[in-house]
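Note sheet for the following structure.
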């Protein structure tokens, strides 16, 4: 699955990683959709599948060059670089836009997902009854997940490990948002806010040569939770990629049909016209993250008012989102031509 890439290819792969990281940031949007539409989904899955016992033996024996080639290190490295850049740039811009232009951001993502559905579906030469059944199964599952009520927070370490395995699915399963899954599991605040804040505070203390946190049981517990969550995420990424690699080899058309249905069903999550329900403490105060942003617990959806000017602006952004996907698909197709 490894490919020879020009400098331009590498540059655009970093940009794709950037887009993938930005998509993973938004509850309801899946980075896997970016991988699917941008045409590197199968290579991404098969590269992750190489993280196995053979890779571990190469690591232990010190054969780092062989390990790098075996796991398609250039490809994964460029993608990860893009995701890291996204975390410190595009993700911050998205945080701002969602606060002040929430309707239009959701509208753009909604349009991009619609465009993605069309782009993926057109590659089917013919639709059999079997394919249609798999699409309907995917739609049903996607819709069911989008309307689930969030569970209560649970810091049991086994459950935290499970959350890590499930949340990483947003990178490997198009249409399934890892951050939205954490909201449904009730641990979004615990795992993506409180534990991350604990890590930030700990790093700041260490750099300041302050080690009082070693006596802070709550801080140590949060760090423990973060470690278990990270291990669970790694385990989920590797195990899920092996499962997907297996089904892609044997049931590629059926898998793609389920993915198309799942992405379609996930449209309910990114429906632009909705009001956020914010997380509150025991005293009814709205909880915020380390940057002062209010923490979302779920959404209350409603139908648009077509007499409202904002509705038509949102529709424009839906069309703009569709255009973005078509433009990227056109460029990708053009770039592959000799």
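In the numbering used here, the protein residues as written are 11 to 348.
Built from N, CA and C at the ideal position, the CB exists for glycine as well.
Nothing here was measured: the structure is a model prediction, and the numbers come from that model.
Backbone CA spacing between residue i and residue j [nearest angstrom]
i, j, result
"residue 51", "residue 45", "5 Å"
"residue 55", "residue 313", "38 Å"
"residue 287", "residue 226", "32 Å"
"residue 47", "residue 205", "33 Å"
"residue 231", "residue 144", "43 Å"
"residue 228", "residue 247", "28 Å"
"residue 196", "residue 17", "43 Å"
"residue 258", "residue 315", "43 Å"
"residue 335", "residue 260", "29 Å"
"residue 27", "residue 189", "17 Å"
"residue 253", "residue 29", "25 Å"
"residue 169", "residue 163", "10 Å"
"residue 20", "residue 41", "19 Å"
"residue 274", "residue 207", "35 Å"
"residue 126", "residue 150", "18 Å"
"residue 142", "residue 76", "43 Å"
"residue 73", "residue 211", "36 Å"
"residue 263", "residue 139", "12 Å"
"residue 8", "residue 175", "Residue numbering for the chain in the displayed model covers 11 to 348; residue 8 lies beyond these limits and cannot be assessed."
"residue 191", "residue 103", "23 Å"
"residue 153", "residue 67", "43 Å"
"residue 53", "residue 89", "12 Å"
"residue 63", "residue 271", "34 Å"
"residue 209", "residue 233", "6 Å"
"residue 78", "residue 171", "28 Å"
"residue 194", "residue 71", "42 Å"
"residue 220", "residue 213", "10 Å"
"residue 223", "residue 215", "8 Å"
"residue 325", "residue 337", "18 Å"
"residue 255", "residue 83", "18 Å"
"residue 340", "residue 165", "46 Å"
"residue 87", "residue 292", "44 Å"
For residue i, the nearest candidate out of the options (CA to CA)
i, options, result
"residue 85", "335, 168, 57", "57"
"residue 111", "283, 290, 270", "283"
"residue 240", "17, 120, 273, 177", "177"
"residue 202", "216, 243, 334", "243"
"residue 33", "147, 251, 100, 297", "100"
"residue 311", "285, 326, 245", "285"
"residue 108", "43, 280, 92, 131", "280"
"residue 94", "210, 326, 24", "24"
"residue 81", "251, 265, 294", "251"
"residue 43", "323, 172, 317, 269", "269"
"residue 318", "137, 113, 174", "113"
"residue 198", "223, 235, 219", "235"
"residue 92", "31, 182, 219", "31"
"residue 49", "129, 326, 138, 173", "129"
"residue 323", "121, 291, 96, 224", "121"
"residue 182", "171, 78, 249", "249"
"residue 200", "78, 325, 238", "238"
"residue 265", "146, 292, 291", "146"
Exposed unless 16 or more other CB atoms sit within 10 angstroms - verdict on residue i
i, result
"residue 267", "buried"
"residue 155", "buried"
"residue 320", "exposed"
"residue 277", "buried"
"residue 124", "buried"
"residue 60", "buried"
"residue 132", "exposed"
"residue 158", "exposed"
"residue 187", "buried"
"residue 309", "buried"
"residue 148", "buried"
"residue 289", "buried"
"residue 294", "exposed"
"residue 218", "exposed"
"residue 69", "exposed"
Residue(s) in a DSSP beta bridge with residue i
i, result
"residue 284", "311"
"residue 290", "296"
Exercise. Are the segment 116-126 and the segment 329-336 touching, with three or more C-beta to C-beta distances below 8 Å?
Worked result: Segments in contact, yes.
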